[in-house]
Amino acid sequence: MRAPAASHLANLDLNLLVSLRELLRERNVTRAAARVGITQPAASAALSRLRRHFDDELLTRHHGSYVLTPLAAQLAEQVEGVCAAAERLFSTGRRFDPATTRRGFTLLLADYTIAVLGTALSSALAARAPGVELRLRLVREAFTADIAETSRLIDGVIAPPSPRFDRPDLHSVELFRDRWVLLLDAGHPAADDELTPAVLATLPWVVPFAPDRGFSTAVPMTRELARLGIEPDTRVRVESYLGVPHLVAGTDRVALVQERLAREVAPRLGLVVREAPASERATAAAEIRERLWWHADLDGDPAHRWLRELLVELGAAA
1 MRAPAASHLA
11 NLDLNLLVSL
21 RELLRERNVT
31 RAAARVGITQ
41 PAASAALSRL
51 RRHFDDELLT
61 RHHGSYVLTP
71 LAAQLAEQVE
81 GVCAAAERLF
91 STGRRFDPAT
101 TRRGFTLLLA
111 DYTIAVLGTA
121 LSSALAARAP
131 GVELRLRLVR
141 EAFTADIAET
151 SRLIDGVIAP
161 PSPRFDRPDL
171 HSVELFRDRW
181 VLLLDAGHPA
191 ADDELTPAVL
201 ATLPWVVPFA
211 PDRGFSTAVP
221 MTRELARLGI
231 EPDTRVRVES
241 YLGVPHLVAG
251 TDRVALVQER
261 LAREVAPRLG
271 LVVREAPASE
281 RATAAAEIRE
291 RLWWHADLDG
301 DPAHRWLREL
311 LVELGAAA
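The numbers in the UniProt record's numbering rise by one with no breaks, and the one at position 1 of the sequence shown is 1.
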């Protein structure tokens with residue numbers, strides 16, 4: 001007879017979760033031991049127990065250092081969310097003091113958002129909550145598709161509204177606004193022309209997070225292209241917003257870019273910033289409204305409330 005799931009969980013040493021997380025992060029037993037606050041032999045013993053449990057080496061020697069096995073690479077992402085969720089569970093209802101906490105926070109966001117808020121957020125945490133460990137995970141479209149499951153394992157997602165967030169168990173607050181602009185190389189033949197949707201449809205494009213086939217409106221930038229009635233001739237795909245200007249510079253390509261990013265990099269890369277055109281479907285470029293999304297289960301967590309208030313404060317000042 002198969003043992004109930006709760007019984008199986010009760011027989012596990014949940015301290016191994018922390019050891020697993022640090023071993024997979026550090027890929028070094030001595031450093032992992034220091035992170036957990038145990039001796040090196042104790043960390044080695046934990047690794048041996050984990051290897052027996054998973055029936056996998058997890059860490060293997062390669063050219064003098066440890067590398068993750070395929071199973072360990074899969075576990076590395078899962079254990080971060082599980083540890084964060086456990087930490088939130090056991091801290092719920094307790095008084096939160098940012099000056100002394102050792103709490104960790106995990107946010108899922110785009111690299112563009114790091115460019116807007118990263119410096120201010122890192123500085124604020126260093127000054128107000130020096131013991132906090134911040135983990136920023138970069139958006140991957142396939143990963144964020146299952147937002148219901150994702151939101152239970154992390155502290156929040158920073159992203160514009162989209163249908164995937166239309167769920168009663170997700171709450172949100174606005175952080176900052178931006179808008180889409182066009183970016184071209186200063187030497188582009190069309191740099192001084194009127195850039196109508198018809199003209200733009202003939203140009204080669206750099207598109208972030210574009211699917212390998214077809215045209216998806218699941219991505220914020222391609223939703224804006226759809227509003228303008230443009231199906232781009234995509235020549236370069238990149239899983240990054242910050243990489244887009246570098247792939248436009250020195251070419252005949254064009255891209256839609258967030259204005260905050262465009263204004264910052266254009267002078268350095270020899271680019272020109274142009275207004276996005278109007279069309280029958282859109283009188284002007286859509287405003288970008290970046291929001292923090294979190295699972296409703298976190299509403300009563302004082303630590304999470306503090307984080308939300310901090311992000312709203314920093315977003316307002318951005």
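Beta carbons are placed, not taken as given, at the ideal position from N, Cα and C, and that holds for glycine.
- Under the three-state reduction of DSSP, D233 is assigned to strand.
- Counting the other CB atoms within 10 Å of its CB gives R95 a total below 16, which places it among the exposed residues.
- Judged by their CB atoms, H295 and D169 are nearer to each other than the 9 Å cut-off.
- DSSP places V132 outside both helix and strand once states are collapsed to three, so it counts as coil.
- DSSP places E275 in the strand class (E or B) of the three-state scheme.
- Counting only residues of its own chain and dropping the five nearest sequence neighbours on each side, L292 has a CB closer than 7 Å to the CB of G156, I158, S172, V173, L175, R308 and L311.
- For E57, no beta strand (DSSP E) segment is defined, and its DSSP state is neither H nor E.
- Nearest Cα to D297 within the set S48, R102, I154 and R51: I154.
- Runs of beta strand (DSSP E) with 3 or more residues, each lying fully within the stretch 237-274, are found at 254-258, listed in chain order.
- Beta-carbon to beta-carbon, T234 and V207 are separated by about 5 Å, close enough to satisfy the 8 Å threshold.
- Note on geometry: alpha-carbon atoms of R289 and E224 lie some 13 Å from one another.
- Within the DSSP bridge table, the entry for Y112 names no partner.
- In this structure, the straight-line span from the alpha carbon of L16 to that of A126 is close to 29 Å.
- DSSP places S65 inside the beta strand (DSSP E), whose first and last residues are S65 to L68.
- Taking a C-beta distance under 9 Å as the contact criterion, P160 and P197 do not qualify as a contact pair.
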